[in-house]
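Note that our numbering has the sequence shown beginning at 398, numbered continuously upward. Ideal placement from N, C-alpha and C gives every residue a C-beta, glycine not left out. Bear in mind that the values here come from a model prediction, so they are computed numbers and not experimental data. Below: the structure, in C-alpha cells.
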Amino acid sequence: MKKIAVFTIIALTVGCLSATAQIKNKNDMKKVLFVLTSHDKLGDTGEKTGYWTEEFAAPYYELADKGVQIDIATPLGGQPPIDPKSEDPSAATEDTKRLDKDTDVLAKLKNTHKLSDVNQADYDAVFYPGGHGPLWDLAEDKTSIALIESFYTNKKPVAFVCHSPGALKNVKVNGEYLVKGKKVTGFSNSEEEAVGLTKVVPFLLEDALQSNGASYSKIADWQPYAVEDGLLITGQNPASSKLVAEKLLNQLNSKK
Numbered sequence: 398m399k400k401i402a403v404f405t406i407i408a409l410t411v412g413c414l415s416a417t418a419q420i421k422n423k424n425d426m427k428k429v430l431f432v433l434t435s436h437d438k439l440g441d442t443g444e445k446t447g448y449w450t451e452e453f454a455a456p457y458y459e460l461a462d463k464g465v466q467i468d469i470a471t472p473l474g475g476q477p478p479i480d481p482k483s484e485d486p487s488a489a490t491e492d493t494k495r496l497d498k499d500t501d502v503l504a505k506l507k508n509t510h511k512l513s514d515v516n517q518a519d520y521d522a523v524f525y526p527g528g529h530g531p532l533w534d535l536a537e538d539k540t541s542i543a544l545i546e547s548f549y550t551n552k553k554p555v556a557f558v559c560h561s562p563g564a565l566k567n568v569k570v571n572g573e574y575l576v577k578g579k580k581v582t583g584f585s586n587s588e589e590e591a592v593g594l595t596k597v598v599p600f601l602l603e604d605a606l607q608s609n610g611a612s613y614s615k616i617a618d619w620q621p622y623a624v625e626d627g628l629l630i631t632g633q634n635p636a637s638s639k640l641v642a643e644k645l646l647n648q649l650n651s652k653k
C-alpha cells in the first residue's frame, strides 16, 4: 500500500510539474497582431487593390514557425481584400504557395478581428503588411493611428513593410510625428513610378515620410532593405518583408 501511495504521489507531482511547465511555456510565447487593409479600390482606375499576399505570408511564417502566436485584424473585420496582382503566378513565392494550401491560416484571414475590438495590452508587437490598400484606409483610420501610438508608447515594436508605413502618416507621439527624426524606409517614388501608379495613389509614401521629418533611405528598386530605429522597423518593398520579420523576431526574443 505504501508503494502505491508513493507512486501515486510521484505521478501527481510529475503531472503538476508538467502542467505548470505547459502554462509557463504558453505564457512565455510571444504574441503579435497583424493588421491588414480593408480597402479594395485602386483610386478611380476601376481596378482592385488590397493587401499584398507575399508581404503577409512571408512574415507570418517567419514568426509562426518560431513559435510566435499571431492574430489578424482589419478595420472592417472579416476577409480582407487581396491585391489581384499579388496572386499572379509571376508573384508567387514558396511562402505564398504554402499559404494557398494552409486551410488554418486561410480561415483566420476569412475571419479577421475588427480593429476596434483588439487591445494593445494583449500583444507584444504589431506588424503591418503592405499592398496599396493601406494608403487609403489605414493612413487615415483613427483606430489604427491610436493603436500604433499605444504600442509605441508602451515600448512594444511596431513593424511595417512596403506601402504599410503609410499607416504612420498621421501617427503622433507627444505632439510630434512618430517618424520625426527616425530612420525609415518604405516603397520608393521610383518603385511607384515603375508600377505606373504615381498619379493614382493618394500620396507618395517616400514624400510623406520625409514631410513628417523622417530620415528616409532606400536602395535599388526591388532589392531587400529594412531599417530599424529603436522600436520602429520598416521595409522598402515586397522583397523586404521577411527581413522586417527577422528584425521584429530579434526584438521579441531580446525581451524575455
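Residue i vs residue j beta-carbon contact at 8 Å
| i | j | result |
| --- | --- | --- |
| GLY527 | TRP449 | yes |
| GLY563 | HIS436 | no |
| LEU496 | ALA454 | yes |
| VAL523 | VAL432 | yes |
| THR446 | ASP480 | yes |
| PRO621 | ALA636 | yes |
| ALA470 | LEU535 | no |
The alpha helix (DSSP H) enclosing residue i, as first and last residue numbers
| i | result |
| --- | --- |
| LEU430 | It is not in any alpha helix (DSSP H) - LEU430 instead sits in the beta strand (DSSP E) that spans 428 to 432. |
| LYS505 | 500 to 507 |
| LEU460 | 450 to 461 |
Own chain partners of residue i with C-beta closer than 7 Å, once the 5 adjacent residues on each side are dropped
| i | result |
| --- | --- |
| ASN634 | CYS559, PHE584, GLU588, TRP619 |
| THR550 | VAL570 |
| GLY474 | THR509, HIS510, LYS511 |
| VAL624 | LYS580, VAL581, THR582, SER614, THR631 |
Residue i, enclosing beta strand (DSSP E) - first and last residue
| i | result |
| --- | --- |
| TYR525 | 522 to 525 |
| THR471 | 466 to 471 |
Nearest-angstrom Cα separation, counted from residue j out to residue i
| i | j | result |
| --- | --- | --- |
| ALA556 | ASP519 | 17 Å |
| GLY440 | VAL598 | 7 Å |
| SER415 | GLU573 | At SER415 the pLDDT is 46, less than 50, meaning the model places this residue with poor confidence; the figure from the coordinates comes in the next sentence. Approximately 49 Å between the Cα atoms of the pair. |
| ASN586 | LYS463 | 34 Å |
| LYS423 | SER614 | Bear in mind that the predicted position of LYS423 carries a pLDDT of just 47, short of 50, making it unreliable; the figure below should be weighed with that in mind. Whole-angstrom Cα-Cα distance: 39 Å. |
| GLU654 | TYR525 | The structure shown has nothing for residue 654, since the chain only spans 398 to 653. |
| ALA605 | THR631 | 14 Å |
| ASN567 | LYS639 | 26 Å |
| SER561 | GLU603 | 12 Å |
| GLN466 | ALA504 | 15 Å |
| LYS438 | LEU565 | 20 Å |
| ALA488 | ALA591 | 16 Å |
| SER483 | LYS494 | 12 Å |
Close beta carbons around residue i, own chain, < 8 Å, minus the five adjacent residues each side
| i | result |
| --- | --- |
| LYS577 | ASN609, GLY610, ALA611 |
| LYS553 | GLN517, TYR520, ASP521, ALA522, VAL523, LEU628 |
Any alpha helix (DSSP H) of 4 or more consecutive residues that is wholly inside the segment 603 to 646: Under the rule that a run must span 4 or more residues, no alpha helix (DSSP H) segment is found entirely inside the segment 603 to 646.
Length at least 4, wholly inside the segment 555 to 606: the alpha helix (DSSP H) runs in chain order: 586 to 591, all fully within the segment 555 to 606.
Runs of alpha helix (DSSP H) wholly within the segment 523 to 551 (minimum 4 residues, chain order): The segment 523 to 551 contains these whole alpha helix (DSSP H) runs: 539 to 550.
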